[in-house]
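Participant: This structure is in structure tokens; I'll ask about it shortly.
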Amino acid sequence: MDFNLTPEEETFRDEVRSFIQEHLSPEARKDPDLMANWLKSVREKRWVGFNWPPEYGGGGGGIMEQVILKEEMSKAGAPPLGTSMMGLQWVGPAIIEYGTEEQKKQFLPDILDSKYQWCTGYSEPGSGSDLASLQCKAVRDGDEYVVNGQKIWTSGASYSKWIILLTRTDSSAEDKHEGITCLLVEMDSPGVEVRPIKNMAGSSHFAEVFFDNVRVPVKNLLGEEGKGWAVTVSALAHERSGISEVAGLISQLAQVVELAKRTQRNGRPASEHPGIRRRLAKADAMIEGMRLNGQRFLTKQLKGEKLSSETSINKLHRAFLAIEFGELALEIQGSASQYTSRPDDEDDDDLGRWASGALGWPAVVIGGGTPNIQRNIIAERILGLPKD
Amino acid sequence: MNFGLTEEQEVLRSVTRRFLDERAPMATVREIMESPDALDEKLWTGMAELGWLGLIIDEDHGGAGLGWVDLVVLLEETGRGLLPSPLISTSLAAAAISEFGTDAQKQRYLPSLADGSAIGTLAVLEESDIVGPDGIALSGNPDDGGYRLSGTKRFVHDAVAATVFIVPFLAGGKEITLGIVEANAEGVTPKSYATMDETKRMADVAFDNVLVSSDAILTGDGTAALARMLDLAAVAVTAEMVGAMDKDLEITSQYAKDRVQFDQPIGKYQGVKHPLAEMYVDVETSRSLLYYAAWCVQEQPESLPLAAARAKAYASESFVRIGIDGVQLHGAIGFTAEYDIQLYLKRSKWALPAFGDADHHYGRVASLGGY
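Just so you know, the protein sequences line up as chains A and B, in that order.
Under my numbering, read the first sequence as residues 1 to 388, first letter to last.
Under my numbering, read the second sequence as residues 389 to 759, first letter to last.
This is how it looks when you write it as structure tokens:
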């Protein structure tokens, strides 16, 4: 057991730190071209897609270096390394693992260069937690698939250029996990229609996507026909690993702590109330637990073992905290938590600032598998309880 | 970066588990817990021969010279098996003398703690039940370079079996000072109570004008030494808790696979499998917090207070729920004295207040975090 970095790792950490100091100085942060300059310089460093193979423009970084890079960036509150978020997080990795040479050349550089957005077409109205029951149909017709059906809860659909889409090519298979096919589809293909859905926090980040005789060239098949479930499983595992989330959670906790310190409740700062203190401290211990769980998973990876269902542990903590931070903030604010707007002559920055968190948690809690699905995964795959 | 056990630590774990499976299966644990001191002499000697009692004592003083991560591995196993023994207490006394003792004190006590002929324990709490410097009110009146203690220490683990007490007191009514008091000194009287967890023993200890001579005083700043000992104690107790929680989960998962109702194993129902999944989440998260705290003990002492507080707080809260859920998921059979799962619930009740409960340690997390 050793939580220290090796001298080489320390050197790399220092390199990242001085890069951040140089490119995110107070003056640089005020520059209107900050984002464009930033994306260009991190790309030159090959830190975007840092773990991707160098032949496709990746940085070929080791696991520890990736972690150091992510941690330092999060700690500094740095902008993201690219704007093609889903592309970087799981579409790219899925293409690296399952894509053809042609697909790799076509898509990977664009993702690294933040050229456009990807969205993810998994859930359907009848297939949420039971994703493998999906019905969106693709039928082979010569050199093309013809797609008919509907997706829902598709984040970023209205501004994405491409969608990674799960379809059913074979409904006769006894096991519903068979006969699923993964296609890469251009969103401006004739027959694709996007209808945004407004969520309870008031924004329209996700949408319904309809496919009406959409023709997709066979060269856009990802992996084998009928074997798309494997592509999904690997993509969702990327989504659940969650190491980089901890720095973000630490900063969220710090914000709630500051709110508790400056907000008077019953004649004293909310931070002095035992109930509030204990909840803040519990969140602190849980975040530290997540950080250390992540390091245990990381150790497994460094030994060359594959991660499996244990990453659901941190996904469950993440879900708890997503709700808890919002709830804590509202309770600290008291009656003022109901005010979601502030008149121009009011200078209380806290008014309205916390409501979006208190209403926005389902994106984190439900997205990528609900807490109850995570509990099923742990109970069945780790504890060996019978499937229900 | 490596968050894993060494090969030697894995061997220590498997040797320990095998020894306990053979020498202290649950039937034996039940026999020992019904004896007055909850101490089996033969077993204790066997533990000494395996080097457990002097695990963290240096080799010059008859110990194995291992570290706190090793000790935590050992204690996880004794916790799994609910082994009744003063292992935690004697290890903490050994740690106090190793870290704060004079050469003469080390020579006098460490070899006998390592070979099991002496049993040590910390006697910290008093009437106020406050864990920390504010709880120390026992006054030591100066006497010929030493002090005379009069008063009572309460809730002392393994007090009847112990031959050596580490006692924090207020020297001259002022500075916290740690003294070594032998159980056979004149004026020391333990007062025993029956305890909820029958595998653990606790007692109050009355001190009537007991002499702590000048050569029985531990060195260094007493307040800092007390704080350090309480952190070590929290880590040691958390280690036994994590082992016990893990075993509770194992027993209950097995029961859920075996027990059939409505024509299927009850583990098929989400009402049963989800609490079990939550138990797993809490066991593993407690274990991560524990190992990091154990690593901090020697490698990063300045980080220990926060790491120990987080681990003891989180694990205490978790174990309480796991203890209850373990019994509840068993149904009526879990309520019987005959079934072992209830012993784990009782262990959770012992562990919660031991060296600070969840509320105490969450409070420390908040204070150390600056809020």
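Quick reminder that beta carbons are idealized off the backbone N, C-alpha and C, glycines included.
Using the beta-carbon count (16 or more within 10 Å), is P7/A buried or exposed?
Facilitator: exposed
Participant: I'd like the span of the alpha helix (DSSP H) that includes W683/B, first residue to last.
Facilitator: 658 to 687
Participant: Which residues, taken in chain order from the stretch 640 to 662 of chain B, show a beta carbon closer than 9 Å to some beta carbon of chain A?
Facilitator: Shown in chain order are the members of the stretch 640 to 662 of chain B whose Cβ falls below 9 Å from a Cβ of chain A: S641, A644, K645, Q652, P653, G655, K656, Y657, Q658, V660, K661, H662.
Participant: Would you call the CB atoms of E464/B and A622/B closer than 8 Å?
Facilitator: No; because the gap between Cβ atoms is not below 8 Å, this pair is not in contact.
Participant: When DSSP builds the beta bridges, which residues end up paired with W118/A?
Facilitator: W162/A
Participant: Tell me whether the stretch 389 to 408 of chain B and the stretch 461 to 478 of chain B touch, counting them as touching only if at least three CB pairs, one residue from each stretch, are closer than 8 Å.
Facilitator: yes
Participant: With three or more beta-carbon pairs closer than 8 Å as the criterion, would you say the stretch 702 to 715 of chain B touches the stretch 737 to 750 of chain B?
Facilitator: yes
Participant: Could you list the residues in the stretch 284 to 297 of chain A with a C-beta less than 8 Å from some C-beta on chain B, going in chain order?
Facilitator: D284, A285, M286, E288, G289, M290, L292, N293, Q295, R296
Participant: Pick helix, strand or coil for Y759/B, following the three-state DSSP scheme.
Facilitator: coil
Participant: What did DSSP end up calling R291/A once you bin it into helix, strand or coil?
Facilitator: helix
Participant: A545/B by DSSP, collapsed to three states: which one?
Facilitator: Residue 545/B is actually His in this sequence, not Ala. Three-state result, H545/B: strand.
Participant: Within the 8 Å Cβ cut-off, does R381/A reach chain B?
Facilitator: no
Participant: The stretch 3 to 22 of chain A: which residues have C-beta closer than 7 Å to a C-beta of chain B, in chain order?
Facilitator: F3, L5
Participant: Mind checking whether I729/B and D636/B have CB atoms under 8 Å apart?
Facilitator: yes
Participant: Which residue or residues does DSSP assign as beta-bridge partners of S580/B?
Facilitator: In the DSSP assignment, the residues bridged to S580/B are A591/B.
Participant: Can you tell me which of T583/B, P663/B, E586/B, Y680/B puts its alpha carbon nearest to the alpha carbon of A624/B?
Facilitator: Y680/B
Participant: From M435/B to L441/B, what does the alpha carbon distance come to, in whole angstroms?
Facilitator: Within the model, the alpha-carbon separation for M435/B versus L441/B is close to 7 Å.
Participant: Taking only beta-carbon atoms, is W766/B less than 8 Å away from chain A?
Facilitator: This structure cannot speak to residue 766/B, because chain B is shown only from 389 to 759.
Participant: Measuring CB atoms only, is the stretch 267 to 274 of chain A touching the stretch 298 to 306 of chain A, in the sense that at least three cross pairs come out at less than 8 Å?
Facilitator: The stretch 267 to 274 of chain A vs the stretch 298 to 306 of chain A: no contact.
Participant: Just checking my contact of L359/A with L677/B at CB under 8 Å: how many whole Å lie between their CB atoms?
Facilitator: With a contact defined as Cβ atoms closer than 8 Å, L359/A and L677/B miss out at about 31 Å.
Participant: Under 9 Å between beta-carbons, which chain A residues line up against W683/B? List them in chain order, please.
Facilitator: M1, D2, F3
Participant: Going by DSSP, what residue range makes up the alpha helix (DSSP H) through V42/A?
Facilitator: 34 to 44
Participant: Please confirm if K282/A has its CB atom under 8 Å from at least one CB of chain B.
Facilitator: yes
Participant: At which residues does the beta strand (DSSP E) containing G567/B begin and terminate?
Facilitator: 563 to 570
Participant: In chain A, which residues lie with their C-beta within 9 Å of the C-beta of Y679/B?
Facilitator: M1, L292, R296
Participant: Identify whether Y727/B lies in helix, strand or coil by the three-state DSSP scheme.
Facilitator: Residue state, collapsed to three classes: coil.
Participant: Please determine, among L5/A, S41/A, L351/A, I111/A, the residue with the shortest C-alpha to C-alpha distance to E65/A.
Facilitator: L5/A
Participant: Between Q338/A, A283/A, D349/A, which has its C-alpha nearest E324/A's C-alpha?
Facilitator: Nearest option by C-alpha distance: A283/A.
Participant: Cα-Cα, which of Y657/B, V548/B, A703/B is closest to A511/B?
Facilitator: Taking only the C-alpha atoms, the option nearest A511/B is V548/B.
Participant: Output, in chain order, the set of chain B residues within a Cβ distance shorter than 8 Å of K75/A.
Facilitator: What K75/A touches in chain B: nothing, since even the nearest Cβ is about 16 Å away.
Participant: Check this for me: beta carbons of T478/B and I444/B, under 8 Å apart or not?
Facilitator: no
Participant: What do you get for N266/A, buried or exposed, if any count of 16 or more other CB atoms within 10 angstroms of its CB means buried?
Facilitator: exposed
Participant: Can you confirm whether the stretch 59 to 78 of chain A touches the stretch 203 to 210 of chain A when touching is taken to mean that 3 or more C-beta pairs between the two stretches lie within less than 8 Å?
Facilitator: no
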